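K.L.:
Numbering (my numbering), first residue to last: -6 to 319.
#1: Classify residue 162 as helix, strand or coil using the three-state DSSP reduction.
#2: Taking only three categories from DSSP, how would you classify residue 147?
#3: If you drop the 5 nearest sequence neighbours on each side, which residues of the same chain put their C-beta closer than 8 Å to that of residue 201?
#4: Helix, strand or coil, according to DSSP, for residue 32 in the structure here?
#5: Skipping 5 residues on each side, what residues in its chain have a beta carbon closer than 8 Å to that of residue 245?
#6: Spell out the partners DSSP gives residue 202 in its beta bridges.
#7: Along the chain, which unbroken stretches of the alpha helix (DSSP H) at least 4 residues long are found entirely within the stretch 261 to 288?
#8: What did DSSP end up calling residue 226 once you bin it into helix, strand or coil?
#9: Do the CB positions of residue 289 and residue 276 come within less than 7 Å of each other?
#10: Hey, how far is the Cα of residue 207 from the Cα of residue 291?
#11: The beta strand (DSSP E) with residue 221 in it runs from where to where?
#12: What are the uninterrupted segments assigned as alpha helix (DSSP H) that are 4 or more residues long and contained completely in the stretch 53 to 128, given in chain order?
#13: Shortest alpha-carbon distance to residue 115 belongs to which of 183, 137, 260, 24?
#14: Below 7 Å CB to CB, which residues in the same chain sit around residue 30 once its five sequence neighbours on both sides are set aside?
#15: Residue 17 by DSSP, collapsed to three states: which one?
#16: Secondary structure at residue 51, three-state DSSP: helix, strand or coil?
#17: Is it buried or exposed, residue 170, if we count other Cβ atoms within 10 angstroms and call 16 or more buried?
#18: Can you tell which of 63, 293, 154 has its C-alpha closest to the C-alpha of residue 53?
#19: If you check the beta carbons only, do residue 147 and residue 65 fall under 7 Å apart?
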């Protein structure tokens, strides 16, 4: 990432404003919100606390993350997740601070989006397949991911911060989702045949929205779901849970005013939206990360905040701009 002289000066000034709460180094994020490099104790406490994500985990979720074919209890998973918390090194804090300073500056024109304190947690990555993710008011970065280029970290942190904002600004979620064609339908229950195979995304652990897609004379109504391509986790195969990941839409229908999953011969009806041009016509073509409206919007948020020119679907960014501008 090329840092212009003005931004470099801002970074230097911000570094002079660093404060310490206990042992956690904090930086300004947006308005009254600050972002803190979590201590190991803070990280373990958050990772060991049950939340919507951990309460949504399926049998496959827990077995795949612990790489075992044995049954895994909720308590065992929480203990496992917490065990992978790591301390930030001074070098890592020094490396990430200029990126966070730039993000803080970029967020100034936008409406307040974040809780008072956002945690930045470092882990080994083994608890979530070496992927960056969020839980509560925390962004979790695997150690390996924290070594990426400044530009890659800039994009990634903005993406993950959007998930925190979406979680803490529920009144914005429906209009934001509507900007890419998703409408609220209430919580979608996972069909019994897929309950044990569901793969839960910590950034979007539940589904409460659907999308209507016109294909010829037919209208398909779907709600996104991730699930495993096999019925049982096989610990001896490489690749973790990502190698099994399937993204599909559950076909939805309304009965007596309630949305539910369509069934055929006792099985849930699913379809692959990625094969339908109607899907990208609605959600836009600014990203290929299409597994959930929150992921689609997070990538568009990155483009919006970074003022990315020449996107394929500028109308999506314009809709977000209207909703998020001060």
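Note that beta-carbon positions come from the ideal geometry of N, C-alpha and C, so glycine has one too.
None of the values given here were measured: they were computed from a predicted structure.
P.N.:
With the given structure in hand:
#1: Within the chain shown, numbered from 1, the residue matching residue 162 stands at position 169. Per DSSP, reduced to three states, the secondary structure at residue 162 is coil, with no helix or strand assignment.
#2: The residue given as residue 147 occupies position 154 in the chain shown. Helix.
#3: Position 208 of the chain shown, counted from the first residue, corresponds to residue 201. Within the same chain, residue 201 has close Cβ partners 177, 178, 179, 180, 181.
#4: Sequence index remark: in the chain shown, residue 32 carries index 39 (1-based). Here DSSP, grouped into helix, strand and coil, assigns residue 32 to coil.
#5: Taking the chain shown and counting its residues from 1, one reaches residue 245 at position 252. Closer than 8 Å at Cβ, skipping near neighbours: 178, 181, 203, 214, 215, 216, 252, 253, 254, 255.
#6: Position 209 of the chain shown holds residue 202. Its beta-bridge partners are 177.
#7: Every unbroken stretch of the alpha helix (DSSP H) spanning 4 or more residues and falling wholly within the stretch 261 to 288 is given here in chain order: 270 to 276.
#8: As a working mapping, residue 226 is identified with position 233 in the chain shown. Correct three-state label for residue 226: coil.
#9: Against the chain shown, residue 289 aligns to sequence position 296. Against the chain shown, residue 276 aligns to sequence position 283. Yes; because the gap between Cβ atoms is below 7 Å, this pair is in contact.
#10: Position 214 of the chain shown holds residue 207. Position 298 of the chain shown holds residue 291. Approximately 25 Å between the Cα atoms of the pair.
#11: Residue numbering aside, residue 221 sits at position 228 when the chain shown is read from its first letter. Start and end: 211 to 221.
#12: Entirely contained in the stretch 53 to 128, the alpha helix (DSSP H) runs reaching 4 residues are, in chain order, 67 to 75, 83 to 100.
#13: Stepping through the chain shown from its first residue, residue 115 is reached at position 122. 137 is the residue among 183, 137, 260, 24 whose C-alpha sits nearest the C-alpha of residue 115.
#14: Here residue 30 refers to the residue found at position 37 when the chain shown is read from its first residue. Scanning its chain for C-beta atoms nearer than 7 Å, with the 5 sequence neighbours on each side dropped, one finds around residue 30 the residues 17, 18, 81, 86, 113, in chain order.
#15: What you label residue 17 is simply residue 24 of the chain shown in a count that begins at 1. DSSP, reduced to helix, strand and coil, places residue 17 within a strand of the structure shown.
#16: Position 58 of the chain shown, counting from 1, holds the residue named residue 51. Of the three classes helix, strand and coil, the one that applies to residue 51 here is coil, per DSSP.
#17: Indexing the chain shown from 1 puts residue 170 at position 177. The residue is buried, with at least 16 neighbouring Cβ atoms inside 10 Å.
#18: Sequence index remark: in the chain shown, residue 53 carries index 60 (1-based). Comparing Cα-Cα distances from residue 53 to each of 63, 293, 154, the minimum goes to 63.
#19: Counted from its first residue, the chain shown places residue 147 at position 154. Counted from its first residue, the chain shown places residue 65 at position 72. Contact flag unset, no.
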